[in-house]
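Enquirer: Numbering (the working numbering), first residue to last: 164 to 458.
Just so it is clear, CB atoms sit at the ideal spot from N, CA and C, and this is done for glycine as well.
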């Protein structure tokens, strides 16, 4: 069973922060670390319904997503988040403070605070990298994501987290669980981050199945084809270039990677790292090495 299996629930103990595991139906269990008695509800895998998007035509939805993409860079992070993340990637001495900020956001999100929910998702992504890369503790990484999922109330925020869990399941070789996490997601979200998360996850699953036609259907044939949340633009670019390469057009794949690497700060370093982080997909085996010679 993978660390991201949907057959079980893995959550963060609200008392000591340790991961706890029990059946997906929930129940009562003492924390295996601090022994605090816990009552856990069943995980909600019902389809996510994002209010209002069903009333929009597809052109109206896409127009709204483009508008969000144009103003994405205007968002300002709160000082408490900047304080724990200012040093770049989290280190052992700063992860405790980051978890404290994350817990506060989750508590506020659970009470219905939309802005706190968005911040909880951002903090989850930052802390996740520490557990995966530094601590090498996938169970704690899973517990972090599922605890965030439980705290969130907005469907678009939940979608971003479920898509992350689906991609981590794929990376762990657990495609059935990836399909369960992803299966509840809304393909027509009116929220840019939720829509981007859906497209990236759909394209990743299609890549795993060698379905490159549908990768390009989801991501478009070239950069700028679809509205994308800025932090995911390079990920989208690598998935797209891989589909173009695998479809037989190596020259176009190289050109797209070079353009993205030159257009975005840190692109030259990030593009190979994105491919290396997904060895199960074997992304851009020819185009990245050749593109690096040009950028």
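Could you tell me whether the Cβ atoms of residue 324 and residue 287 are closer together than 8 Å?
Expert: Yes.
Enquirer: How close, in whole Å, do the beta carbons of residue 419 and residue 400 come, if the pair is a contact with beta carbons under 8 Å?
Expert: So it is a contact: roughly 6 Å between Cβ atoms.
Enquirer: Cβ of residue 318 within 7 Å of any heavy atom in the ligand MG?
Expert: Summarising the ligand content, the structure contains no ligands, and the ligand MG is consequently not present.
Enquirer: In the structure shown, what three-state DSSP assignment does residue 171 receive?
Expert: strand
Enquirer: If I follow the unbroken beta strand (DSSP E) through residue 184, where does it start and stop?
Expert: 182–186
Enquirer: Under 8 Å by Cβ, that's how I've got residue 364 and residue 329 pegged, so tell me the actual separation to the nearest angstrom.
Expert: 5 Å
Enquirer: May I have the straight-line CA-CA distance separating residue 354 from residue 306, to the nearest angstrom?
Expert: When rounded, the distance between both Cα atoms is 25 Å.
Enquirer: Can you tell me which of the three DSSP states residue 445 falls into?
Expert: coil
Enquirer: Between the Cα of residue 375 and those of 351, 446 and 334, spot the shortest distance and give me the residue it belongs to.
Expert: For residue 375, the closest alpha carbon among the candidates 351, 446 and 334 is that of 446.
Enquirer: Excluding the five sequence neighbours on either side, which residues of its own chain have a C-beta within less than 7 Å of the C-beta of residue 334, listed in chain order?
Expert: Leaving aside the five residues that flank residue 334 on each side, the residues in its chain whose CB is nearer than 7 Å to its CB run, in chain order, 441 and 443.
Enquirer: What three-state label does DSSP hand residue 242 in the structure shown?
Expert: helix
Enquirer: For the putative contact between residue 302 and residue 451, defined by C-beta atoms under 8 Å, what is the C-beta separation to the nearest angstrom?
Expert: Actually they do not touch by this definition, with Cβ atoms about 32 Å apart.
Enquirer: Where do the N-terminal and C-terminal ends of the alpha helix (DSSP H) with residue 259 fall, by residue?
Expert: 255–273
Enquirer: With the cut-off set at 8 Å, would you say residue 423 and residue 394 are in Cβ contact?
Expert: no
Enquirer: Locate the beta strand (DSSP E) running through residue 191, then write down its first and last residues.
Expert: 190–193
Enquirer: Ordered along the chain, which non-local residues of its own chain (more than five positions away) have a Cβ less than 6 Å from that of residue 272?
Expert: These residues qualify, in order along the chain: 279, 280, 283, 314 and 315.
Enquirer: Shortest alpha-carbon distance to residue 396 belongs to which of 208, 235, 193 and 275?
Expert: 235
Enquirer: Short check: CB of residue 189 to CB of residue 199, under 8 Å?
Expert: The Cβ atoms of residue 189 and residue 199 do not sit closer than 8 Å to each other.
Enquirer: Measure the CB-CB distance between residue 318 and residue 212 and report whether it falls below 8 Å.
Expert: yes
Enquirer: For residue 254, does the count of other Cβ atoms within 10 angstroms reach 16, so buried, or fall short, so exposed?
Expert: exposed
Enquirer: Please go through the same chain and pick out, in chain order, the residues whose beta-carbon is closer than 6 Å to the beta-carbon of residue 191, but skip the five residues on each side of it.
Expert: 202
Enquirer: Determine the closest residue to residue 179 out of 195, 167 and 169, with distance taken between C-alpha atoms.
Expert: 195
Enquirer: Which residue's Cα is closest to the Cα of residue 269: 388, 436 and 311?
Expert: 311
Enquirer: By the three-class DSSP mapping on this structure, what secondary structure does residue 203 have?
Expert: strand
Enquirer: What does a CB cutoff of less than 8 Å around residue 294 pick up in its chain, not counting 5 residues either side in sequence?
Expert: 300, 301, 303, 304 and 307
Enquirer: Which residue comes first and which comes last in the alpha helix (DSSP H) that contains residue 430?
Expert: Going by DSSP, residue 430 is part of the alpha helix (DSSP H) stretching over 430–439.
Enquirer: State yes or no: is the C-beta of residue 168 within less than 8 Å of the C-beta of residue 340?
Expert: yes
Enquirer: Considering only C-alpha positions, which residue in the set 352, 170 and 244 is nearest to residue 390?
Expert: The option with the nearest alpha carbon to residue 390 is 352.
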